[in-house]
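Numbering (this note's numbering), first residue to last: 75 to 243.
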Amino acid sequence: MTTPQLSPTQVSPSGFDLTAPTAEERKALEASLTREEADVLLHHGTEAPFCGGLLDQKDAGVYCCRLCGMPLFEHKTKFESGTGWPSFWAPVDEAHVKAIRDVSYGMVRIETTCARCGSHQGHVFPDGPPPTRLRYCINSVSLEFVPYGAPLPDRLRRGEGVAKATAAA
Ligand SMILES: [Zn+2]
Numbered sequence: 075m076t077t078p079q080l081s082p083t084q085v086s087p088s089g090f091d092l093t094a095p096t097a098e099e100r101k102a103l104e105a106s107l108t109r110e111e112a113d114v115l116l117h118h119g120t121e122a123p124f125c126g127g128l129l130d131q132k133d134a135g136v137y138c139c140r141l142c143g144m145p146l147f148e149h150k151t152k153f154e155s156g157t158g159w160p161s162f163w164a165p166v167d168e169a170h171v172k173a174i175r176d177v178s179y180g181m182v183r184i185e186t187t188c189a190r191c192g193s194h195q196g197h198v199f200p201d202g203p204p205p206t207r208l209r210y211c212i213n214s215v216s217l218e219f220v221p222y223g224a225p226l227p228d229r230l231r232r233g234e235g236v237a238k239a240t241a242a243a
């Protein structure tokens, strides 16, 4: 994966402020999580396959980080992988998803986190469909679906507006 070039103000190419939440903001965000969400987002857990609420979601819209609300994926890159977890072949903006080498459980995998708040999302594997051949395997509880035209969660109150289609994909 390429490392996105960020401007000094930390704004992503699609116009989102990538500045990490303050300690106080983070505390408030974490307090809003259910136990299962906290287990996955904060403690690198994995939900059971075929149980996630977004597995069969096919509506047009964006998938936002459950913790900080930043858009991470879009329905246009979602595909049925058969794995039991929501799968995408590209993020909505490369700058929004961070890849980290993960050597836990005796495997070498690439973990993906929200680039803004650092919450655990899932893993990315090199066996996805074209054009990227990548498979972002993401936990449903790490995401919140927002249909086009509906207000984004904007949990950090940065004036993020409504969910809209990107030019990409
Ligand atoms: Zn986030």
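The C-beta atom is built at its ideal place from N, Cα and C for all residues, glycine as well.
Cβ-Cβ distance between residue i and residue j below 7 Å
i: CYS211; j: LEU141; result: no
i: PHE90; j: MET144; result: yes
i: VAL215; j: GLU111; result: yes
i: HIS197; j: ARG175; result: no
i: PRO205; j: PHE153; result: no
i: VAL227; j: VAL236; result: The sequence as given places Pro at residue 227; Val does not occur at that position. Not in contact: PRO227 and VAL236 (Cβ atoms no closer than 7 Å).
i: THR151; j: ALA164; result: yes
i: LEU146; j: HIS170; result: yes
i: SER193; j: LEU115; result: yes
i: PRO87; j: ASP167; result: yes
i: TYR137; j: LEU217; result: yes
Residues that DSSP places opposite residue i in a beta bridge
i: LEU217; result: CYS139
i: ASP91; result: VAL85
i: PRO145; result: CYS138
Reduced DSSP category for residue i - H, G, I as helix; E, B as strand; rest coil
i: VAL236; result: strand
i: LYS172; result: strand
i: SER178; result: helix
i: THR120; result: coil
i: PRO151; result: What sits at residue 151 in the sequence shown is Thr, not Pro. Three-state result, THR151: helix.
i: ALA243; result: Here the model assigns ALA243 a pLDDT of 47, short of 50, so the residue's position is not dependable, and the following value carries that caveat. Here ALA243 sits in coil by DSSP.
Where the beta strand (DSSP E) through residue i begins and ends
i: LEU103; result: No beta strand (DSSP E) holds LEU103; the alpha helix (DSSP H) holding it covers 97 to 105.
i: ARG209; result: 209 to 212
i: GLY223; result: Element bounds for GLY223: n/a, residue is neither H nor E.
i: GLN195; result: 194 to 199
i: THR187; result: 183 to 188
Segment limits, alpha helix (DSSP H) that includes residue i
i: LEU116; result: 109 to 117
Query raised in the report: How about the stretch 153 to 172 and the stretch 95 to 113: do they share at least three Cβ pairs that are nearer than 8 Å?
Result: no
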